[in-house]
Amino acid sequence: MPFASGEMSNWITKNVTVAGLSFATTFLFAASCRTIGLRFFSSSPIICMNEFSNLHNARLLEESSSVVFEDIEVNGHVRETNSRDDDGDDDRNNGRGNYDDNNGRGEDDPGKVEQLIVLLRELATSIEETLKIMEEIKELIDGKRIVSFAISCQVWIMYAMAWTVASVLTGMCFQTDIELFLNWLGLNALSGTCGLGLVVLFTTSACNVPPAFLAFSSGFIFSDIFGFRNSLLFTQLGVFNGANFGAIVSYCVGYFVMRPCLISTTSNVSLNETKVALKNRSFLILVLCRLSNIITFGKQNLYAGIFDFPFTALVWSLLATIPGILFYSCVGTMFGAIAHGQDLSSMYFVALIVVVNYIIMIHYSTRCAITELKDIKHR
Numbered sequence: 001m002p003f004a005s006g007e008m009s010n011w012i013t014k015n016v017t018v019a020g021l022s023f024a025t026t027f028l029f030a031a032s033c034r035t036i037g038l039r040f041f042s043s044s045p046i047i048c049m050n051e052f053s054n055l056h057n058a059r060l061l062e063e064s065s066s067v068v069f070e071d072i073e074v075n076g077h078v079r080e081t082n083s084r085d086d087d088g089d090d091d092r093n094n095g096r097g098n099y100d101d102n103n104g105r106g107e108d109d110p111g112k113v114e115q116l117i118v119l120l121r122e123l124a125t126s127i128e129e130t131l132k133i134m135e136e137i138k139e140l141i142d143g144k145r146i147v148s149f150a151i152s153c154q155v156w157i158m159y160a161m162a163w164t165v166a167s168v169l170t171g172m173c174f175q176t177d178i179e180l181f182l183n184w185l186g187l188n189a190l191s192g193t194c195g196l197g198l199v200v201l202f203t204t205s206a207c208n209v210p211p212a213f214l215a216f217s218s219g220f221i222f223s224d225i226f227g228f229r230n231s232l233l234f235t236q237l238g239v240f241n242g243a244n245f246g247a248i249v250s251y252c253v254g255y256f257v258m259r260p261c262l263i264s265t266t267s268n269v270s271l272n273e274t275k276v277a278l279k280n281r282s283f284l285i286l287v288l289c290r291l292s293n294i295i296t297f298g299k300q301n302l303y304a305g306i307f308d309f310p311f312t313a314l315v316w317s318l319l320a321t322i323p324g325i326l327f328y329s330c331v332g333t334m335f336g337a338i339a340h341g342q343d344l345s346s347m348y349f350v351a352l353i354v355v356v357n358y359i360i361m362i363h364y365s366t367r368c369a370i371t372e373l374k375d376i377k378h379r
C-alpha cells in the first residue's frame with residue numbers, strides 16, 4: 001500500500017487545505033484585476049454569476065419601485081390621482097390617505113421623501129453597474145483591453161509555474177505530499193490520469209485556472225515516474241479530457257444561467273446584434289481565442305454560452321487547445337526530467353522545434369483574433 005494507516009486521511013486533509021488556499025488565491029487575483037480596470041472579464045465564473053445576480057436584483061428593484069416613482073413629483077408632493085370618486089365625493093374616508101380641504105393634495109412628508117431619494121440613489125447605482133458591464137463588453141469587442149488582459153494572464157501563469165518548480169526543487173513545501181502522491185500514482189497510472197482530468201474539470205469550470213498551468217505541473221510531476229514520452233502522453237490525455245468536460249460545464253452555465261439573467265436585466269438587442277455579427281464566424285473566433293489565449297479558457301466557454309454560440313462549434317474548437325497543452329506539457333516534462341537527472345540529449349531538438357512553432361503560432365493567432373474581434377463591431 002502506498003499509504004500507511006492514517007497517512008491517507010492526513011494527505012487528503014492537507015490537500016483540501018491547499019485547494020482552498022488556491023481557490024482563495026484565484027479570487028485575490030480576480031480582485032486585483034478588477035482594481036486595474038478588468039472588472040468583469042477578469043473575475044472567476046462564480047464572481048461573474050454574482051455580477052449577474054446583482055443586475056437581476058437591480059431589475060427587480062426597478063420594477064418594484066416603478067409604481068412609487070409614478071406618484072412622485074419633482075417637488076416631493078404626492079400627485080392628485082383618484083382623490084375623488086365618480087360622484088365627486090371626497091375620498092378621505094376610503095383609506096386612500098389624508099387630504100386637506102383645499103385641493104386634495106397631501107402634506108409634505110420629509111421622511112418619505114428622504115426614503116424615496118435613497119431608493120432612487122440605489123437604483124441609479126444599479127443602473128450604473130449595468131452600464132459599466134455593457135461598456136466592458138463593448139471595449140472587449142473594440143480590443144482596447146485585450147492586450148493588457150493577455151499580458152496579465154501570461155504573467156500570472158509564469159509566476160505559478162515558477163512557484164511550482166521552486167517549491168518542488170527546494171523542498172520548500174508539499175515535498176512529502178508530492179512523494180505520497182507519486183507513490184500512489186506509480187501503482188495506479190490510469191486512476192492518476194483520471195484524477196488529473198477531474199482536477200482540471202473543476203479548476204477550469206469553477207476557478208478559471210488555465211489548463212496550461214495544470215499541464216505544466218502534471219508533466220513536471222509525471223516525468224519522475226513514466227519518463228519523458230509516457231509522461232507527455234498521460235498529461236496530454238488527462239488535461240485535454242478534463243478541459244473538454246470543464247468547457248462543456250462552463251458553456252452550460254453561460255447558456256442556461258447567465259444568458260437568461262442578462263436578457264432579463266438588460267436589453268436583448270446587444271445579444272442579438274452580436275449573434276448576427278458573428279453569423280458563421282463563431283468557430284473561427286473560438287479557435288483563434290484558444291490558440292492565442294487573449295481570453296482565458298474558462299471565460300471563452302462562458303461567453304460562448306452567453307452569446308449563444310453553436311454547441312458543435314464549441315466542441316470542435318476544443319481541438320485547438322491541443323497545441324497549447326502539448327507545449328506546456330512538453331516544457332513541464334522537460335523541467336521535471338532535468339530535475340530528476342534524466343538524459344534528454346536526444347529530445348532537445350524536438351523541444352526546440354515545439355517551442356519555436358508555438359511562439360510563432362501565438363503571435364499569428366493573436367493578431368488574427370484581435371482583428372476578428374474588432375471586425376464584429378462593424379458587421
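Here the UniProt record's numbering is used: the first residue of the sequence shown is 1, the next is one more, and so on. Don't be surprised by glycine CBs; every beta carbon is placed ideally from N, CA and C.
Inter-stretch contact at 8 Å, needing at least 3 Cβ pairs: the region 333-340 / the region 214-230: yes
Thr366, buried or exposed, once every other Cβ within 10 Å from all chains shown has been counted against 16: buried
Buried/exposed call for Tyr328, threshold 16 Cβ in 10 Å: Answer is buried; the Cβ neighbour count reaches 16.
Cα-Cα separation between Ile338 and Asn357, rounded to whole angstroms: 22 Å
N- and C-terminal bounds of the alpha helix (DSSP H) containing Phe213: 211-253
Cβ pair residue 380, Ala369 closer than 9 Å: The structure shown does not extend to residue 380, since the chain is modelled only from 1 through 379, so no value can be given for it.
C-beta contact flag for Leu314 and Tyr251 at 9 Å: yes
Selected residue, minimal CA-CA separation from Asn241, among Thr371, Phe309, Leu326: Leu326
Proximity of Val253 and Ala215 at Cβ, strictly below 9 Å: no
Residues near Ser223 in its chain [Cβ-Cβ closer than 6 Å; skip 5 each side]: Ser231, Thr333, Gly336, Ala337
Pair within 9 Å by beta-carbon distance, Gln236 and Ile359: no
Exposure of Gly324, with buried meaning 16 or more beta-carbon neighbours within 10 Å: buried
Close beta carbons around Leu196, own chain, < 6 Å, minus the five adjacent residues each side: Ser218, Gly238
N- and C-terminal bounds of the alpha helix (DSSP H) containing Leu338: Residue 338 is actually Ile in this sequence, not Leu. Run containing Ile338: 322-339, per the alpha helix (DSSP H) assignment.
Identity of the residue in Ala212, Asn301, Tyr364, Gly341 nearest Phe228 by Cα: Gly341
Burial state of Phe256 (16 or more Cβ within 10 Å): The residue is exposed, with fewer than 16 neighbouring Cβ atoms inside 10 Å.
Sub-9 Å separation of Gly246 and Val287 beta-carbons: no
Buried/exposed call for Tyr364, threshold 16 Cβ in 10 Å: exposed
C-alpha distance - Leu284 paired with Cys194, whole-angstrom precision: 30 Å
Buried versus exposed, by CB contacts within 10 Å (16 or more), Leu352: exposed
Ser282 beta carbon less than 9 Å from that of Pro310: yes
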